[in-house]
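Participant: One structure, pasted below without further comment.
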Amino acid sequence: MVMDRIKRLLRRDETAPAAANVFPGESHEKPSAAAVWERHSHGLAEFSGALEPRTGLNLLDFGELLQANVTYLTSFGHKLYSVALWRDMAANPSLYSEDSEEQNEARLKLFLNSNLNYPNDHFDGVLLWDALEFLPSLLMKAAVERLHRVMKPGGCMLAVFHAEEKASEVPVYSYRIASADTLQLEIKFLRRPARHFNNRAIEKMFQQFHSVKFFLTRDNLREVIVRR
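Residue numbers (this note's numbering): -8 to 219.
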């Protein structure tokens, strides 16, 4: 099982006192140096191809702000925007709780203003990565609807979903772009997903969009290209 191999890569520091979870559902297990590897990405290759040969595009990155990604994408003259989703989760844990008692309208306004407050038809491409797996249902649906609005017609989005639908925990990765078709993955920690998605659920989620294309990888990640 892929998750069994991943868990063997992780180690717990038994000599240090246990720290409080930064994010609800986060495991205390931390990655070792071996929990970093490069892999070919068909999804990234298709995303990169959708951007070529244009320059000066507006791109949105939902992942950790990594210098390698900034350097790679801006080297083509693109403008990169970043969604600090994990930082916002740490700052507002109740907002991201599935059973939050906050009123829905207030939660949606705060979430969208914090992360997706952009004009309509603004982005040519979105690197969504695995963000949707960790959002409660209310916020996940709002994020998809807002992405449909802020992306330009014909815009391209890359999303990633874990394919092991029965896993109680899944790795949260840093996605570092090494080249147009290569990703370097680093396991940050394990976390309980808000839900698991099969292909049908993903297609339904993006039903407003023009097309959805799947790539199943050897490490049990399902890469998805969504066209606006």
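From the three backbone atoms N, C-alpha and C, an ideal C-beta is built for every residue, glycine too. Every value quoted in this text rests on a predicted model; they were computed, and no experiment measured them.
Quick check on VAL217 - is its C-beta less than 8 angstroms from some C-beta in chain B?
Facilitator: Chain labels in this structure do not include chain B; a single protein chain is all it has.
Participant: So if DSSP puts ASN49 in a beta bridge, which residue, or which two residues, is it bridged to?
Facilitator: Paired residue(s): LYS70.
Participant: So ALA26 and ILE178 are in contact, right, with Cβ under 8 angstroms, and what is the actual spacing, rounded?
Facilitator: So it is a contact: roughly 4 angstroms between Cβ atoms.
Participant: Locate the beta strand (DSSP E) running through GLN175, then write down its first and last residues.
Facilitator: Here the beta strand (DSSP E) through GLN175 covers 173 to 182.
Participant: Whose C-alpha, out of HIS113, GLY145, SER105, is nearest the C-alpha of ASN49?
Facilitator: Cα-wise, what sits closest to ASN49 is HIS113.
Participant: Might you give, ordered along the chain, the residues of its own chain that have their beta carbon closer than 6 angstroms to the beta carbon of TYR221, omitting 5 neighbours on each side?
Facilitator: For residue 221 there is no data in the structure shown, the boundaries of the chain being -8 and 219.
Participant: For GLY54, name the three-state secondary structure that DSSP assigns.
Facilitator: In the structure shown, GLY54 sits in coil (DSSP, three-state: anything other than H, G, I, E or B).
Participant: Can you tell me where the beta strand (DSSP E) holding ALA185 begins and where it ends?
Facilitator: Premise fails: ALA185 is in no beta strand (DSSP E) and is neither H nor E.
Participant: Let me know the secondary structure DSSP gives HIS113 once reduced to three states.
Facilitator: Correct three-state label for HIS113: coil.
Participant: Give the straight-line distance between the Cα atoms of PHE152 and PHE188, rounded to the nearest whole angstrom.
Facilitator: Looking at the two C-alpha atoms, the distance is approximately 7 angstroms.
Participant: Please confirm whether LEU119 and ALA81 have their CB atoms less than 8 angstroms apart.
Facilitator: For LEU119 and ALA81, no; Cβs fall outside 8 angstroms.
Participant: Apply the 10 Å Cβ neighbour rule to ASN104 and answer buried if 16 or more other Cβ atoms are within range, or exposed otherwise.
Facilitator: Result: exposed.
Participant: What residue range is occupied by the uninterrupted beta strand (DSSP E) comprising HIS31?
Facilitator: Run containing HIS31: 27 to 31, per the beta strand (DSSP E) assignment.
Participant: Can you find the residues in the same chain that come closer than 7 angstroms, C-beta to C-beta, to THR65, ignoring five residues on each side of it along the sequence?
Facilitator: Cβ neighbours of THR65 beyond the five flanking positions: LEU71.
Participant: Excluding the 5 residues flanking GLU156 on each side, which residues of the same chain have their C-beta closer than 7 angstroms to its C-beta?
Facilitator: Excluding residues within five positions, the ones whose Cβ falls inside 7 angstroms are HIS187, ASN189.
Participant: Let me know the secondary structure DSSP gives HIS201 once reduced to three states.
Facilitator: Coil.
Participant: What is the rounded straight-line gap between the Cα of LEU123 and the Cα of SER170?
Facilitator: Computed Cα separation, rounded: 24 angstroms.
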